[in-house]
Amino acid sequence: MTFVEKVCVLGAGSTKYGKLSESIADITTQASVSAIESAGISPKDIKASYISNVFGVADKQVHIGPVLMSRLGIPDKPSLSIESACGSGSVAFREAYANVAAGFYDCLVVTGVEKVTHTGTEWTTTYFAYCSDFFYEGQAGASFPGLFASMARAYLTEFDATEEDFAAVAVKNHNNGFLNPKAHMQKKITVDDVMNSAVVASPLKLYDCCPFSDGASSVILCSEKFAKENGSDYIEVIGSGRGGSPAALQGREHLTTIPSTKIAAADAYKMAGITAKDIDFAEVHDCFTIAEIVDTEDLGFFDKGQGVQAVREGRTSLNSDISINPSG
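Numbering-wise, the sequence shown is residues 69 to 396 according to the working numbering.
Now the structure itself:
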């Protein structure tokens, strides 16, 4: 695969996460401006925006991109809104990356945003169930806690794992969040706290599940030429990949793997000319504790079924073999 331009991250910004009073447009703008300031550039340098959002309708604002561009003082610049369920932020980054690499734009802002805490857990859980194969799963009463619980139960059956292993993932991530002033939850917990919390969908308990949150994060992507001309510090994006897999669990060969993750990782490693062993830390999707364990295996950090052993040995904690989700 040949691209016209090398792509760099020039700046990044984020709001705090939690229950926020500002509108979805406000927090989108806050994160984007923070990233622009971090990059040391002007809004006038931005040629387009890529906005990831699933749930804008909850705050009565979809099509957020043009609203952001107007607030940045560049209403004539194009924008694209991307919805890809829990992968929306990654997909927005990937699409923006591809457009810079292809030479269409030399500087973009990419922002992921959600505002959902005001809608209530029941309503929000139901809405997010629409991101599954609703005809087969949602109409039968399945929501994401239940679907990931099915994966967790399959993992417990297939491998040498316990519910306490899942709890250890939650403990690690809460400890990491305690160190992050922008994290939604800044509270240390114990394995006993997790095990004694309410069952949401067996074997997953309350602390095995992520909370709904408000917040936005943003990055500035640009060509290497633009980065050299406008910033003293930047990070080159050396690999990127995307994959697909059946939306419905019944369409997957195994419940203990997510095929799209394996495909995307393989493509990214190949492009970068590296292997999983070269990675020092990773931020992975951990909507439920089982998701992090499966992700670390599908990304090639550990053999299938060995992700829990790595957690037991502290090999995914901060400053370990490979720090997983250091932001909390």
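Heads up, the beta-carbon is just placed ideally off N, CA and C, and yes, glycines get one too.
Just so you know, these numbers come straight off a predicted model, no measurement behind them.
Check the Cα spacing between G283 and each of C76, V72, A93: the tightest is with A93.
Closest by C-alpha distance to Y85, out of V77, T96, L215, is T96.
Counting C-beta atoms within 10 angstroms of its own C-beta, S117 has 16 or more neighbours from the protein chains shown and is therefore classed as buried.
By the Cβ rule, the region 296-307 counts as touching the region 70-80, because three or more pairs are nearer than 8 Å. Taking the Cα of D335 as reference, the smallest distance to any Cα among H353, N387, L367 is reached at L367.
Under a 10 Å Cβ-count criterion, F203 is classified as exposed, with fewer than 16 other Cβ atoms of the shown protein chains found around its own Cβ. Here Q207 is exposed: its Cβ has fewer than 16 other Cβ atoms, across all protein chains shown, within 10 Å.
Of all alpha-carbon atoms in S110, L88, E90, the one lying nearest the alpha-carbon of I288 is that of S110. Taking a contact as a CB-CB distance under 8 Å, the pair K115 and K87 does not count as one, their CB atoms being some 34 Å apart. A residue is called buried once 16 or more other Cβ atoms fall within 10 Å of its Cβ, and T225, having fewer, is exposed.
Annotated three-state conformation of L215 is helix, per DSSP.
With a cutoff of 7 Å on beta-carbon distance, A99 and S286 are scored as near each other.
Contact between A153 and V178 fails: their C-beta atoms lie close to 17 Å from each other, not under 8 Å. Restricting attention to G309, P314, S391, C290, the CA atom closest to the CA of G79 is found in C290. For K273, the pairing in a beta bridge is given by DSSP as V267. Straight through space, the alpha carbons of W191 and I347 are spaced by roughly 38 Å. Distances from the alpha-carbon of V262 to those of N248, L247, A236 put A236 closest.
Between G157 and G180 the beta-carbon gap is near 4 Å, inside 8 Å, which marks them as a contact.
In this structure, F280 lies away from V168, with their beta-carbon atoms at least 7 Å apart. When secondary structure is reduced to three states using DSSP, E182 falls in the strand class. Here the region 263-279 makes contact with the region 213-223; the two share three or more CB pairs at distances below 8 Å. Comparing alpha carbon positions, the residue from K345, S91, E351 closest to G245 is E351.
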